[in-house]
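S.K.: Here it is, the structure in full.
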Amino acid sequence: DVKVTQSSRYLVKRTGEKVFLECVQDMDHENMFWYRQDPGLGLRLIYFSYDVKMKEKGDIPEGYSVSREKKERFSLILESASTNQTSMYLCASSSDRGLSKNIQYFGAGTRLSVL
Amino acid sequence: AQSVTQLGSHVSVSEGALVLLRCNYSSSVPPYLFWYVQYPNQGLQLLLKYTTGATLVKGINGFEAEFKKSETSFHLTKPSAHMSDAAEYFCAVLGGGSNYKLTFGKGTLLTVNP
Numbered sequence: 305d306v307k308v309t310q311s312s313r314y315l316v317k318r319t320g321e322k323v324f325l326e327c328v329q330d331m332d333h334e335n336m337f338w339y340r341q342d343p344g345l346g347l348r349l350i351y352f353s354y355d356v357k358m359k360e361k362g363d364i365p366e367g368y369s370v371s372r373e374k375k376e377r378f379s380l381i382l383e384s385a386s387t388n389q390t391s392m393y394l395c396a397s398s399s400d401r402g403l404s405k406n407i408q409y410f411g412a413g414t415r416l417s418v419l
Numbered sequence: 027a028q029s030v031t032q033l034g035s036h037v038s039v040s041e042g043a044l045v046l047l048r049c050n051y052s053s054s055v056p057p058y059l060f061w062y063v064q065y066p067n068q069g070l071q072l073l074l075k076y077t078t079g080a081t082l083v084k085g086i087n088g089f090e091a092e093f094k095k096s097e098t099s100f101h102l103t104k105p106s107a108h109m110s111d112a113a114e115y116f117c118a119v120l121g122g123g124s125n126y127k128l129t130f131g132k133g134t135l136l137t138v139n140p
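Heads up: the sequence lines are chains A and B, in that order. Just so we're aligned, residue 305 is where the first sequence starts under this note's numbering, counting upward by one. Just so we're aligned, residue 27 is where the second sequence starts under this note's numbering, counting upward by one.
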């Protein structure tokens, strides 16, 4: 089974802190994604990466950055956390190959509260 | 650009009743379509997907969806609801400028009443 692991289920941070959300996948997937999920808004793509050190902005990249130094790991960084970044963050990965091509596999999510 | 509209943010059914969750999409290219389910405090998991071929797609837990190109729809159905089906359901479309990105609908929360 594909496993996507997010390092924290719950995080509480203060306004202005730098926050790192970590995601690791164990299936050698090329693509990795970060979404935020808010009630009534569904999932919105923040950033994605289709290869090591490669990244593309999604629909709502402002206030976020990402890092992908290794294929299995994709980090989301909040440079200076703000209260409007309180949300559920979901990481996903997908492959370009085989029967599961383009199916995104999700982690359990990190619920971030910024106070 | 792709977009997905899920009609009804909240659907309530009785146990044993038909489940129908509606999804309409727009896509500039032949779409790949997905339904995902999210149980409380969990991530999303794939229910089913349509890529090419047979337009009626069967998924896990007794769900199925039919791709109707003329109606740009991909509605999700299940003949008989179980209490365990209570969850949030998301329709998504892949395609367009990037082959990797999914565009999600805003979700439909399904409540199953005893």
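Glycine is no exception: its CB is placed at the ideal position from the N, C-alpha and C atoms.
Please report the distance separating the alpha-carbon of residue 90(B) from that of residue 322(A).
M.R.: As a working mapping, residue 90(B) is identified with position 64 in the second sequence. As a working mapping, residue 322(A) is identified with position 18 in the first sequence. Taking the straight line from one Cα to the other gives about 44 Å.
S.K.: Can you give, in chain order, each stretch of the beta strand (DSSP E) that sits fully within the stretch 51-79 of chain B and has at least 3 residues?
M.R.: Complete beta strand (DSSP E) runs here, min 3: 58-64, 70-76.
S.K.: If the criterion is Cβ atoms closer than 9 Å, does the pair residue 382(A) and residue 345(A) meet it?
M.R.: Against the first sequence, residue 382(A) aligns to sequence position 78. Against the first sequence, residue 345(A) aligns to sequence position 41. In this structure, residue 345(A) does not lie closer than 9 Å to residue 382(A) by Cβ.
S.K.: Tell me whether the beta-carbon of residue 406(A) lies closer than 9 Å to the beta-carbon of residue 399(A).
M.R.: In the first sequence, residue 406(A) corresponds to position 102, counting from 1. In the first sequence, residue 399(A) corresponds to position 95, counting from 1. Contact flag set, yes.
S.K.: May I ask you to report which of helix, strand or coil DSSP gives residue 336(A)?
M.R.: Start at 1 with the first residue of the first sequence, and residue 336(A) comes out as number 32. If DSSP states are grouped into helix, strand and coil, residue 336(A) belongs with the strands.
S.K.: Excluding five sequence neighbours on each side, which residues of the same chain lie with their C-beta closer than 6 Å to the C-beta of residue 119(B)?
M.R.: Along the second sequence, read from residue 1 onward, the residue named residue 119(B) stands at position 93. Excluding sequence neighbours, residue 119(B) sits near 28, 30, 51, 53, 57, 59, 129.
S.K.: Which residues of chain A have a Cβ atom closer than 7 Å to the Cβ of residue 126(B), listed in chain order?
M.R.: Counted from its first residue, the second sequence places residue 126(B) at position 100. Here the neighbours are 335, 352, 354, 398.
S.K.: Bridge partners for residue 405(A) per DSSP, in chain order?
M.R.: The sequence position of residue 405(A) within the first sequence is 101, counting from 1. The partner list for residue 405(A) (beta bridge, DSSP) reads 399(A).
S.K.: Since residue 335(A) contacts residue 353(A) with CB under 8 Å, what's their CB separation in whole angstroms?
M.R.: Numbered from its first residue, the first sequence carries residue 335(A) at position 31. Numbered from its first residue, the first sequence carries residue 353(A) at position 49. Contact holds; Cβ gap of about 7 Å.
S.K.: One question on the structure: do residue 320(A) and residue 385(A) come within less than 9 Å of each other, judged by their Cβ atoms?
M.R.: The count along the first sequence starts at 1 and reaches residue 320(A) at position 16. The count along the first sequence starts at 1 and reaches residue 385(A) at position 81. Yes, the Cβ-Cβ distance between residue 320(A) and residue 385(A) is below 9 Å.
S.K.: Taking all protein chains shown into account, decide if residue 96(B) is buried (16 or more other Cβ within 10 angstroms of its Cβ) or exposed.
M.R.: Residue 96(B) sits at position 70 when you count from the first residue of the second sequence. So residue 96(B) counts as exposed.
S.K.: Rounded C-beta distance between residue 316(A) and residue 379(A)? I'm assuming under 8 Å.
M.R.: As a first step, residue 316(A) is located in the first sequence; it is residue number 12 there, counting from the start. As a first step, residue 379(A) is located in the first sequence; it is residue number 75 there, counting from the start. Not quite, the Cβ-Cβ distance comes to about 19 Å (not below 8 Å), so this is no contact.
S.K.: For residue 312(A), which of helix, strand or coil comes out of DSSP?
M.R.: Within the first sequence, residue 312(A) is the residue found at index 8, counting from 1. It is coil, neither helix nor strand.
S.K.: Got a sec? Which residues, its chain only, sit under 6 Å from residue 88(B) by beta carbon, not counting five neighbours each side?
M.R.: Counting from one through the second sequence, the residue named residue 88(B) turns up at place 62. 104.
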